[in-house]
Amino acid sequence: MLHFVLRRLIGMVPILFIITIISFLFVHLTPGDPIRIMYGAEIDQETYQTLYEREGFNDPLPVQYGRYMVDMLVHGDFGQSYRTRADVSEEVVRRFGYTAILTVLSMFWAILIGVTVGIVSATKRNSIWDRIGMISTISALSIPEFWFGLMLMQIFAVQLGWFPTSGSGTWIHLLLPSITLGFGVAATIVRFTRSSVLEVMREDYVRTARAKGQKERVVIWSHVLRNALIPVVTMAGLQFGFLIGGAVVVEQVFAWPGLGSYLIDSILSRDYPVIQALILLFSLQFLIINLIVDISYGFLNPQIRYD
Amino acid sequence: MKIWKKHLVLPAMASILVLSACGDGSDEPADSGEDTGQNGETEQQDEAEDEGEEEAAQTETGGDLRVGIEAEPTSMDPHNTTDGNSATIQSTMMEGLLRFDENMEIVPVLAEDYEFSDDATEITFTLREGVTFHDGTEFNAETVKENLDFVRDTDNGLARSSFFSFIEDVTVDDDYQVTIVSDEPNSAMASYMAHSSAAMKSVEEISKKLEDEDYNLDREGAVGTGPFQFVEWRDSEHVVVEKFDDYWNADEEARVDSITFLPVQEASTRVNMLRTGEVDVITPIPTLNAAELENEEDLDLYTGSSTDVYYVGMNFENDNYDDINVRKAMNHAIDKDGLIAQVLDGYGQVADSAIAPPVYGYAGQSVYEYDLDYARELMAEAGLEDGFEATIWTRNSTEFVSVAEYVEIQLAEINIDVSVEAYESGTLFDMLDAGEDTDLWIGRWSPGTGEADYGLRPNFASDRVPPNFNNSGFYINEELDAMFDDALSTPDEDEAMAVYADIQEMIYDDAPWVFLHIPDALIAKGTNIHGIYVLPSGAVNLNLAEIH
């Protein structure tokens, strides 16, 4: 097990290295440079050149890449934001807390709702509950997060006054954004859980268990779910990575000071140090989630072994 | 309103607490927000109640004013700022020698008086005595020199250094008199010094930067002489300023204890926050929301002409626009009133010059009336009755795209077959700077100095073609170039204004742009907020805000 984890961690190094190159090229080859975007038409050529030089844009790309890597690996920092002059590493660490708490809570809602509804739909297949479950998930999948968030805000914050509309600070601030973010993922998990449970229920060992006269509840809980949840966990893990994408929108709508809104701001202003740091962080997060997903298989089904 | 406390929050809190125990353990959001959101609202109400009891005899003061702004500020250093959000925040803390009032008139602040030399190459300021910075240091002539020398030194790489490049020297005449010398006659010098980027910082801060290159003036150096002093800037969360007790101007002391600026990018969210009372003021607001807010009882909407002009730029290197008849036809073919009604929900006015009415030196022209028949005649005169194909570049924001699409539909009436291409602003700037394949584009210009020279020269002077500045249409007019220099070298205001009027007439007649519209500056506030006003530049003056 330890061997497996270590091997996977070492395997991440070349992947992350390639990601630094790709993200570096991606940001530097995108049209529009940070200085021109920040200062727009109000800047003349002379000042533009001074600033351009100060940021080291005159150097060839490999030199700039080298400097970026040295700063990161040797000095352990991602530099300063071009836009706000804030220290990128500090800023990323601070905002990571916000995004982490938002995505974890969203995932909690998503799994809670998704797995429950999925199991009910599958075990009561073709019943009215199944139909309600399926219709709501299709609707949930089709509703844009942006609109859903604004609707929740309109109803629960503006009309009813139960929650603050946006911002951060207390736990209450977290509820509307996390529900918005978890909603779409919940729908995906419902459909996945349902089909996975249905598939497992057709397996021979389930039929055997039933034939042995075990109670339906025992069959579902100890035979079906243990196997049916493995693909659900994989999918939920991947969704967790994708939640960042949703967080970009939700953080924007609810003015949540996490990494999602940071990414949007930095892309719009071509804030290279921030974009690079965030891409690297998100990739790392994705790799780690995948590793956790793989490890969790073993806990769900001890027959799975790691060699 | 209070029901949620009992029925919803307890179970929700319980489930979150259970979750957080197995989460990553980050409790930063919970710690950080004690002064935000609902709590802030309660504090404000409490304070309002206290006031009622204790301060009946005094003017209504106190409270935390909460302001929802469009975006994160970029810097607390006025010398390194080009965005309106930062300027709004800075103007509570920093002051310059002069400033623009709500009518864009220049009024003295840290200067008591100023005088131009006869040839308009020098401007001498008599400074106010007894002014102290937030760090306790004195304001004097030396401060002015240090500030201006620092900002115009290109080695310091400040965004506004070119803004002050007209200065050749700053001389300290005595402790409270300073003279700015320009290399060429420049009657716009006072306007430059009234701009928000000419605000004065404490010399201590500048020397910290000179001693230690890593010292971050953008985030830490907000030490000015204004009625508020800097407290904290947390990215994406808030910027907080508090009342400065030793402010020099007793008549204009801050009325509120503090101001909290909250960056909220999504316009609908900003509007909702104002409705729920989570913020007291929002700036700016989309025109779509303005109409509905206008009808709400406990909210006020402020509108007024901005200094932004929207136009369709055209590339003079493209033969289609050589003939003045074509350019005029395009101007006549667009129903600007319709555009304002449909795209801006009525919150705007027709552009009757290349600069907006609040800009110093503005002279309105008689507008190109919407007249399709005449426009078609003009096209026929140019031998282009069958029209031509054109591409219009625009930024990809909804507002810009709507304008472009409106123009597309209208120009089709005179057989100009326009296709709209929307680009992210950075990409668009690159394309315009490259100066290749440019055809038509939707432009917006607002002169930072609030006066005619900066309003016109960057767009129409021959030496301002890409990549140097904004004349992306390569409009070359030597007569106009000479007039620009004339106007700037005329120290007599009336004479200079007369030249600027001629310049605007010449530009409007020659139609190097399709002149579109000037949007209104829009902000909204609760009816309990008083004493604030909007500058045409879009910045909001909050220094005398009161909550009652």
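From first to last, the protein sequence lines are chains A and B.
Each residue of the first sequence is one higher than the last, beginning at 480 in this note's numbering.
Each residue of the second sequence is one higher than the last, beginning at 18 in this note's numbering.
The beta-carbon is built from N, C-alpha and C at its ideal position, and this holds for glycine as well.
Beta-carbon spacing of residue i, residue j below 7 Å
i: B/Glu-259; j: B/Val-248; result: yes
i: B/Ala-421; j: B/Asp-456; result: no
i: B/Asp-118; j: B/Val-124; result: yes
i: A/Leu-631; j: A/Ala-666; result: no
i: A/Thr-644; j: B/Ser-179; result: no
i: A/Phe-625; j: A/Phe-635; result: no
i: B/Leu-401; j: B/Glu-430; result: no
i: A/Ile-658; j: A/Trp-588; result: yes
i: B/Asp-340; j: B/Ala-399; result: yes
i: B/Tyr-550; j: B/Gly-467; result: no
i: B/Thr-105; j: B/Ala-176; result: no
i: B/Ala-556; j: B/Gly-101; result: yes
i: A/Asp-550; j: A/Ser-568; result: no
i: A/Val-676; j: A/Ala-688; result: no
i: B/Leu-144; j: B/Tyr-209; result: no
Cβ neighbour criterion (16 or more within 10 Å) applied to residue i
i: B/Asp-537; result: buried
i: B/Gln-62; result: For B/Gln-62, the pLDDT reaches just 38, beneath the cut-off of 50, and the residue's location in the model is therefore unreliable, leaving the point undetermined.
i: A/Gly-737; result: buried
i: A/Gly-692; result: exposed
i: B/Leu-115; result: buried
i: A/Gln-731; result: buried
i: B/Pro-90; result: buried
i: B/Met-121; result: buried
i: B/Met-110; result: buried
i: B/Val-435; result: buried
i: A/Thr-616; result: buried
i: B/Glu-495; result: exposed
Sequence-distant residues of its chain with Cβ nearer than 6 Å to residue i (five each side left out)
i: B/Phe-532; result: Tyr-328 and Ala-368
i: B/Leu-234; result: Asp-94 and Lys-226
i: B/Glu-563; result: Glu-77, Arg-272, His-547 and Gly-548
i: B/Tyr-232; result: Lys-225 and Lys-226
i: B/Thr-138; result: Ser-199 and Pro-202
i: A/Ser-502; result: Gln-755 and Ile-758
i: B/Ile-493; result: Ser-479
Nearest neighbour of residue i, chosen from the options [CA to CA]
i: B/Asp-301; options: B/Asn-545, B/Leu-539, B/Tyr-391 and B/Asp-470; result: The sequence shown places Pro at residue 301 of chain B, rather than the Asp named in the question. The candidate whose alpha carbon is nearest that of B/Pro-301 is B/Leu-539.
i: B/Ile-357; options: B/Leu-305, B/Ala-556 and B/Tyr-232; result: B/Leu-305
i: B/Thr-149; options: B/Tyr-391, B/Glu-112 and B/Tyr-387; result: B/Glu-112
i: A/Pro-539; options: A/Leu-639, A/Gln-524, A/Phe-557 and A/Leu-504; result: A/Leu-504
i: A/Pro-513; options: A/Ala-690, A/Leu-770 and A/Asp-744; result: A/Asp-744
i: B/Glu-97; options: B/Gly-174, B/Asn-157, B/Thr-154 and B/Leu-144; result: Reading off the sequence, residue 97 of chain B comes out as Asn, not Glu. The candidate whose alpha carbon is nearest that of B/Asn-97 is B/Gly-174.
i: A/Leu-639; options: B/Gly-330, B/Ile-184, B/Thr-293 and B/Ser-554; result: B/Thr-293
i: B/Leu-279; options: B/Phe-261, B/Ser-253 and B/Glu-453; result: B/Ser-253
Chain-ordered chain A contacts of residue i [CB-CB under 7 Å]
i: B/Met-290; result: Thr-644 and Ser-645
i: B/Glu-468; result: Simply none; closest approach about 14 Å.
i: B/Thr-411; result: Near B/Thr-411 there are no residues of chain A at all, since even the closest Cβ is about 15 Å away, more than 7 Å.
i: B/Leu-316; result: Residues of chain A passing the Cβ test: none, with the nearest at roughly 13 Å.
8 Å Cβ shell around residue i - same chain, five flanking residues per side excluded
i: A/Tyr-741; result: Glu-570, Val-571, Arg-574, Val-753 and Leu-757
i: B/Arg-481; result: Arg-474, Pro-475, Asn-487 and Asn-488
i: B/Asp-362; result: Thr-304, Leu-305, Ala-307 and Ala-308
Listed by chain order, chain B residues near residue i by CB distance under 8 Å
i: A/Arg-515; result: Gly-443, Phe-446, Asp-447 and Asp-450
i: A/Ser-740; result: Ser-253 and Gln-282
i: A/Thr-529; result: Thr-171, Asp-172, Gly-174 and Ser-178
i: A/Ala-636; result: Asn-289 and Thr-293
i: A/Thr-563; result: Glu-89, Pro-90, Thr-91, Ser-92, Asp-235, Arg-236 and Asp-252
Under 7 Å by beta carbon: chain B residues contacting residue i
i: A/Val-732; result: Glu-283 and Thr-286
i: A/Tyr-751; result: Those within 7 Å of A/Tyr-751 in chain B number zero; the least Cβ separation is about 12 Å.
i: A/Arg-681; result: Here the premise fails: no neighbours, minimum Cβ distance about 34 Å.
i: A/Asp-744; result: Glu-89
i: A/Arg-533; result: Gly-174
Partner residues on chain B for residue i, Cβ-Cβ distance less than 9 Å
i: A/Leu-629; result: Glu-283, Ser-285, Thr-286 and Asn-289
Chain-order list of residues whose beta-carbon lies under 7 Å from that of residue i (same chain, five-residue window excluded)
i: B/Asn-558; result: Ser-108, Ile-549, Tyr-550 and Leu-552
i: B/Met-514; result: Gly-378
i: A/Ser-775; result: Val-712
i: B/Tyr-423; result: Leu-356, Gln-359 and Val-360
i: B/Ala-392; result: Ala-346, His-349, Ala-350 and Ile-431
i: B/Ser-9; result: For chain B, the structure presents residues 18 to 565; residue 9 of chain B sits outside this window and is missing.
heavy atom of the ligand GTP below 6 Å from residue i C-beta
i: A/Ser-657; result: By its list of ligands, the structure shown contains no ligand whatsoever, and the ligand GTP lies outside what it can speak to.
Interface partners of residue i on chain A, CB under 8 Å
i: B/Leu-279; result: Gly-646 and Ala-734
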